[in-house]
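Presented below is the structure to which this report refers.
Residue numbers (the numbering used here): 1488 to 2074.
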């Protein structure tokens, strides 16, 4: 006999008519109706959701009142509807995989959405056979309170109760994951240990409630500078940890990133605090330990950051120290140099030297402008000692702009002094400088302001700059050529030398790198490379200039193979403008 409810039985009573059969069955059916209604009354009083589902069609056969209120649906809309209409796929998957043995059941958690919000529910699914029919009985209950309790326990276990930051336990978990990830992907990360200077004195003099307020505000400030994926934790007392992942692949550059992040934190924490009406300022000491693909335990990493932090305190507080003494020294040198270079720009410590460029007759037809730093303590600093740092820090933009202005002003002056010479000046342009959106406007302004004649300024570009985005490079070169600017491809042969881009680029000159010129007398490979570059330039109708020419043997080889322009110590070292003028007079 299949499952029947009271409405089914009433329909049967009506169908019996006035026959003696009705008289015989009526009392039994009426008693059954009363029994079923009493049963449904009990089910409707139950606090759990109860479903009876046909095992074959997966349609709802019966349910109690709390099902209607939870799903906000009428009894009529529920009865006979497909169960999948009311439950998500993972719930239906659990039902379909349920063993068809009465003692087996499955427990599934899911979310039921209604006007009250998202309600976490737990359902027990069981297969039953009743009167030769197969059904699923589903019992469900609201587990909001349990989930809230679990969340509270998790928070107490893994988060600091005062600042609500991850605590030591959660930090250890995150560190273990970060260390494992770095070993797999060969990345570099950093652990920053931050200690508030003189925190104990504040606690002792103003009370723990003031100290707690400072910790809360410090936590908030630190959170404001975190990147996606970073972890901020409170270790204990006034110690905070920042775990930085995904830094630069090269350790020295990763160290610079970590140092800049720490510097930002240091200045942020130096800003004044209002602690429940009490005005307070404090500093911090920060220790940094790097970690890479080399195996290192989280305990070792924490110890290294701790040692570095105490070293920062030892040096006078309000400082940043790296664990690695050698790296610490390098970082300090770079940081100092960056600071001094900024001062150099404002104090006019930069100066230009000029190296002659000559033709076959040895006549000076132009110069290359080369920047030097006249350091007040170190003396004359060559470009290879500070230009890479300027590139890294973005200072190459103002440095490059200064060089452009000064070189054009000097050329304009020489043009007036020596009009018969038709000199040009070659100026090196960095990748960042060339890619600046305002670079065209800067060049146009300099040309107009200096009054330099058209065709007298040549910009030297590197191969790496050109191939990075060749289409945009061509557009920018063409626009600058409209101002009368010429272009030379610097250090040709050392980078991405390619006939395809050489054919497309609107260049005027190829410059043979000195590394090939140096050994052309005793290295057949270098000699062959130089010959090829000269021939290539001739085929593309480009001028070719060889740099680093230091002796007559090199000059003779280059001359015999068709090179017509030269630069190197054989004709003159880089020198101040006044010395160039003496060469003009001597000539």
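All residues carry an ideal CB built from backbone N, CA and C; glycine is no exception.
### Message
Rounding to the nearest angstrom, what Cα-Cα distance links residue 1863 and residue 2061 in this structure?
### Response
20 Å
### Query
DSSP on residue 1712, reduced to helix/strand/coil?
coil
### Query
In terms of DSSP beta bridges, what is residue 2053 paired with?
1845 and 2033
### Query
Cα separation between residue 1716 and residue 1805?
26 Å
### Query
Is it the case that the Cβ atoms of residue 1874 and residue 1920 are separated by a distance below 8 Å?
no
### Query
Is there contact between the stretch 1669 to 1678 and the stretch 1764 to 1779, where contact requires at least three CB pairs shorter than 8 Å?
yes
### Task
Please say whether residue 1943 and residue 1911 have beta carbons closer to each other than 8 Å?
Residue 1943 is positioned such that its CB atom lies closer than 8 Å to that of residue 1911.
### Task
Ignoring anything shorter than 4 residues or poking outside the stretch 1525 to 1589, list the alpha helix (DSSP H) runs there in chain order.
1552 to 1558, 1562 to 1565 and 1576 to 1583
### Task
Specify the secondary structure class of residue 1754 as computed by DSSP and reduced to three states.
helix
#### Entry: From 1999, 1710, 1646 and 1739, residue whose alpha carbon lies closest to that of residue 1723
1646
### Query
Whose C-alpha, out of 1672, 1894, 1545 and 1705, is nearest the C-alpha of residue 1854?
1894
### Query
Just curious, the alpha helix (DSSP H) that residue 1904 is in, first and last residue?
1883 to 1904
#### Entry: Those residues which DSSP pairs with residue 1859 across a bridge
1838
### Query
By how many angstroms is the C-alpha of residue 1681 removed from the C-alpha of residue 2007?
57 Å
### Query
Sorted by chain position, which residues of the same chain lie with C-beta nearer than 6 Å to residue 1611's C-beta, five sequence neighbours on each side aside?
1592, 1594 and 1626
### Cα-Cα separation between residue 2067 and residue 1754, rounded to whole angstroms
47 Å
### Query
Under a three-way DSSP split, which group does residue 1868 fall into?
Strand at residue 1868.
### Query
Is it the case that the CB of residue 1754 approaches a heavy atom of the ligand COA more closely than 7 Å?
The ligand COA is not part of the structure shown, which contains no ligands of any sort.
### Message
So, under 8 Å CB-CB, residue 1628 and residue 1559 are touching, yes? Tell me the CB distance rounded to an integer number of Å.
### Response
No, residue 1628 and residue 1559 are not in contact; Cβ-Cβ is about 17 Å, not under 8 Å.
### Query
Going by Cα to Cα distance, which pick from 1741, 1770, 1636 and 1733 is closest to residue 1702?
For the set 1741, 1770, 1636 and 1733, the Cα lying nearest the Cα of residue 1702 is the one of 1770.
#### Entry: Simplified DSSP assignment, three categories, for residue 1626
strand
### Query
Which first and last residues belong to the beta strand (DSSP E) in which residue 1921 is found?
For residue 1921, there is no enclosing beta strand (DSSP E); the residue is found in the alpha helix (DSSP H) stretching over 1918 to 1922.
### Task
Could you tell me the distance, in whole angstroms, from the CA atom of residue 1609 to the CA atom of residue 1713?
Cα-Cα distance, rounded: 37 Å.
### Message
Strictly by DSSP, which residues pair up with residue 1818?
### Response
Note: residue 1818 sits in no beta bridge, so no partner.
### Query
Going by the beta-carbon positions, is the gap between residue 1472 and residue 1961 smaller than 8 Å?
Given a span of 1488 to 2074 for the chain in the structure shown, any question on residue 1472 remains unanswerable.
### Task
Under 8 Å by Cβ, that's how I've got residue 2030 and residue 2052 pegged, so tell me the actual separation to the nearest angstrom.
6 Å
### Query
Unbroken alpha helix (DSSP H) runs of length 4 or more, entirely within the stretch 1923 to 1990: which are they?
1926 to 1937, 1950 to 1955 and 1957 to 1968
### Message
So for residue 2008, helix, strand or coil by DSSP?
### Response
coil
### Query
If we call anything under 8 Å between Cβ atoms a contact, is residue 2045 one with residue 1843?
no
### Three-way DSSP call (helix, strand, coil) for residue 1727 in this model
strand
### Query
To which residues of the same chain is residue 1624 closer than 7 Å at the C-beta, ignoring the five residues directly before and after it?
1539, 1613 and 1615
### Message
Rounding to the nearest angstrom, what Cα-Cα distance links residue 1935 and residue 1967 in this structure?
### Response
13 Å
### Query
Grouping DSSP H, G and I as helix and E and B as strand, with all else coil, what is residue 1768?
coil
### Query
Can you name, in chain order, every residue of its own chain whose Cβ lies under 7 Å from the Cβ of residue 1530, other than the five neighbours on each side?
1537 and 1551
### Task
Please check the pair residue 1441 and residue 1773, which I expect to be a contact at CB under 8 Å, by giving their CB distance rounded to whole angstroms.
Because the chain is modelled from 1488 through 2074, residue 1441 falls outside the range shown and cannot be assessed.
### Three-state class that DSSP yields for residue 1812 in the structure shown
Three-state DSSP puts residue 1812 in a helix.
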